[in-house]
Amino acid sequence: MKAGRRLGIVAAIVVVIAGAIAWIMLPPRALSFASGRTVDLAAYKGANPTGAPPELAAADVIARGKYLTRAADCVVCHTAPGGQPFAGGLAIPTQFGVLYSPNITGDRQTGIGAWTDAEFIRALHQGIGKDGQRLYPAFPYESYTLMTDADALAIKAYLLSLPPTHATAPPTQLKFPFNQRWLMALWSLFYNPDHRFQPNLDRSAQWNRGAYLAEALEHCGDCHTPRNLAQALDNRQKFAGAVAEGWRAYNISADPASGVGGWTDAALAQYLRVGHAEGHGAAGGPMSEVVDASLSQLTPGDVGAIVAYLRTVPAIATRDLPAPVMRPASDLPKAMPASFDPRGKQIFEGACASCHGWSGVSLLTNDATLTGVRAINDPSATNVAQIVLAGQRRPNGAVSMPAFGAAYSDTEIAAVANYVTARFGAPSHIDAAGVAKLRKASVH
């Protein structure tokens, strides 16, 4: 074979490999799935999809900023357990080490009190802090980059209206080379578009409002979209589900079996507003925090806009998730295979049945009903084990389910998780090692 021909073949192979790597590592943007013509916000003639809702049109900037801060879910990540709201210090475990959220109160030394408007906007849009330090994408600036300057500054005005707290977050504990913040400049070059939301002329006003809320503020994809090797959102699998903070964030695409395509609009809206929908179960872990601190604070119109937007996200099936089944309620014992650890039934009888019922239909509260619930029909049993480990608290401190992580061993929690899924949904096979991993991964 002639040298020229060999070089040509090698070059072709290199091009193919480079193209494949680029295809994998450069996923579409968050709104690329939506066909239609987009325009800059200033050229859009319809109702403004950004900002606070019409109910707050006459409100001052602080009131509007309060609403937008809640919509952006800032308090959840920037508040440590038992700490002052927005004072930071929350530990965020990652596969590369532990990050700690910064203080975003108005304190001039440790918070954002000395930040200029331009510095605050740069942080939200570009992931660059006051001193030029690159921020890690645990702070979802690749979503917040869609936010308008006006909305960013309204959030800043609200944060500065709160009592400042002097608090310095612990230093990050990332392994080399991930502790080299300058690398985030390269990450941003590929994965942060650094452009503002553009309304879609071929979609309704409600859709555009829902898109702005879901993508620019609520940043739903950060939990519900899988990530690629560079830990950027893989929008080819948009909203197909992922693992976030040790909990499984389920599929919220239009797939009828593993997503929310089979939910009614009313059920989906109710779930977003109160964290529970009849026949679908209750939110737990990080999702319950999002509902309590953010989604439940939105107006009905804004919740409806998010629902309308979610309906248009293409259906993507999650292959390991069967469609939830609604087993007939029965108080009769269910025979289990010999391979099942008998301690699962014993623990359920002693600690669970009084609230959840032997039939899986709670007589105390609909939130505790297990039949038909997505998590109970998840063969990984991830969220079932997590709720047993961590329990559930509401923002006011009330306990809706106690934590049993300290009371039971990893083996015992695996046993009860497998018993619950087999009795009321899709059998799972989580083991003690899996539970131990969840203990370590979860920050809740």
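If you want the working numbering, it's the 1-based position in the sequence shown plus 4. The C-beta atom is built at its ideal place from N, Cα and C for all residues, glycine as well.
Reduced DSSP category for residue i - H, G, I as helix; E, B as strand; rest coil
i: V102; result: strand
i: A445; result: helix
i: G92; result: strand
i: R252; result: strand
i: M151; result: coil
i: G214; result: helix
i: R74; result: helix
i: A286; result: strand
i: H433; result: coil
i: R315; result: coil
i: N52; result: coil
i: L128; result: helix
i: L187; result: helix
i: R277; result: helix
i: A372; result: helix
i: V295; result: helix
i: S404; result: strand
i: P304; result: helix
Top-ranked residue by Cα proximity to residue i, from the options
i: P197; options: T98, K349, P32, H280; result: P32
i: D44; options: T169, R200, D121; result: R200
i: R315; options: G361, R347, P260, T176; result: P260
i: T172; options: K242, Q88, V247; result: Q88
i: H104; options: H82, S363, W119; result: First, the residue type needs correcting, since residue 104 is Tyr and not His in the sequence shown. Taking only the C-alpha atoms, the option nearest Y104 is H82.
i: T54; options: D64, L72, K349, G131; result: L72
i: Q137; options: N183, G92, L368; result: N183
i: T369; options: P431, E282, I320, A379; result: E282
i: L374; options: A76, F428, G348; result: F428
i: P174; options: G101, Y254, P203; result: G101
i: N255; options: R185, P326, A270; result: P326
i: A244; options: H360, A127, I320; result: I320
i: A440; options: E123, L94, H433, L393; result: L393
i: I310; options: W119, G115, D324, D269; result: D269
i: W211; options: A47, A286, G308; result: G308
i: N107; options: L276, T425, V80; result: V80
i: W267; options: R240, R378, W119, H223; result: R378
i: G115; options: R185, N204, V365, A91; result: A91
i: Q235; options: T109, Q396, Q99; result: Q99
Alpha carbon of residue i to alpha carbon of residue j, nearest angstrom
i: P383; j: R252; result: 12 Å
i: I391; j: F408; result: 9 Å
i: R129; j: S262; result: In the sequence under discussion, the amino acid at residue 129 is His, which differs from the Arg named in the question. Whole-angstrom Cα-Cα distance: 33 Å.
i: T449; j: P181; result: With the chain represented from 5 up to 448, any question about residue 449 goes unanswered, as that position is not in the structure.
i: P167; j: T322; result: 45 Å
i: D435; j: Y195; result: 37 Å
i: G354; j: W191; result: 50 Å
i: S358; j: I351; result: 11 Å
i: P85; j: G279; result: 21 Å
i: I21; j: L30; result: For I21, the pLDDT reaches just 45, beneath the cut-off of 50, and the residue's location in the model is therefore unreliable, although a value from the coordinates is still provided. Each residue's alpha carbon lies about 14 Å from the other.
i: I417; j: T176; result: 31 Å
i: Y145; j: E293; result: 20 Å
i: P97; j: A445; result: 6 Å
i: I125; j: A154; result: 9 Å
i: L193; j: P141; result: 13 Å
i: H170; j: L164; result: 13 Å
i: S363; j: A372; result: 12 Å
i: H433; j: G285; result: 21 Å
i: A76; j: A122; result: 19 Å
Whole-angstrom C-beta distance between residue j and residue i, which should lie under 8 Å
i: G225; j: A312; result: Not really, about 17 Å apart at Cβ, beyond 8 Å.
i: R68; j: A189; result: The Cβ separation is near 33 Å, so there is no contact.
i: Y162; j: K70; result: 5 Å
i: N387; j: G288; result: 6 Å
i: A246; j: P230; result: 5 Å
i: R347; j: A437; result: That pair is no contact at about 17 Å.
i: A74; j: Q274; result: The residue you asked about is not Ala; residue 74 is Arg in the sequence shown. In fact, because the Cβ distance is near 19 Å, the residues do not count as touching under 8 Å.
i: V317; j: A258; result: 6 Å
Cβ neighbour criterion (16 or more within 10 Å) applied to residue i
i: S39; result: exposed
i: V329; result: exposed
i: K134; result: exposed
i: A61; result: exposed
i: S343; result: exposed
i: K179; result: exposed
i: D414; result: buried
i: L299; result: buried
i: A156; result: buried
i: L150; result: buried
i: L217; result: buried
i: G35; result: Checking the displayed sequence, the identity of residue 35 turns out to be Leu instead of Gly. It is buried - the Cβ of L35 has at least 16 other Cβ atoms within 10 Å.
i: A51; result: exposed
i: W186; result: exposed
i: Q241; result: buried
i: E59; result: exposed
i: A47; result: exposed
beta-carbon residue i near the ligand MN non-hydrogen atom, thresh 8 Å
i: F408; result: The ligand MN is absent from the structure shown, which contains no ligands of any kind.
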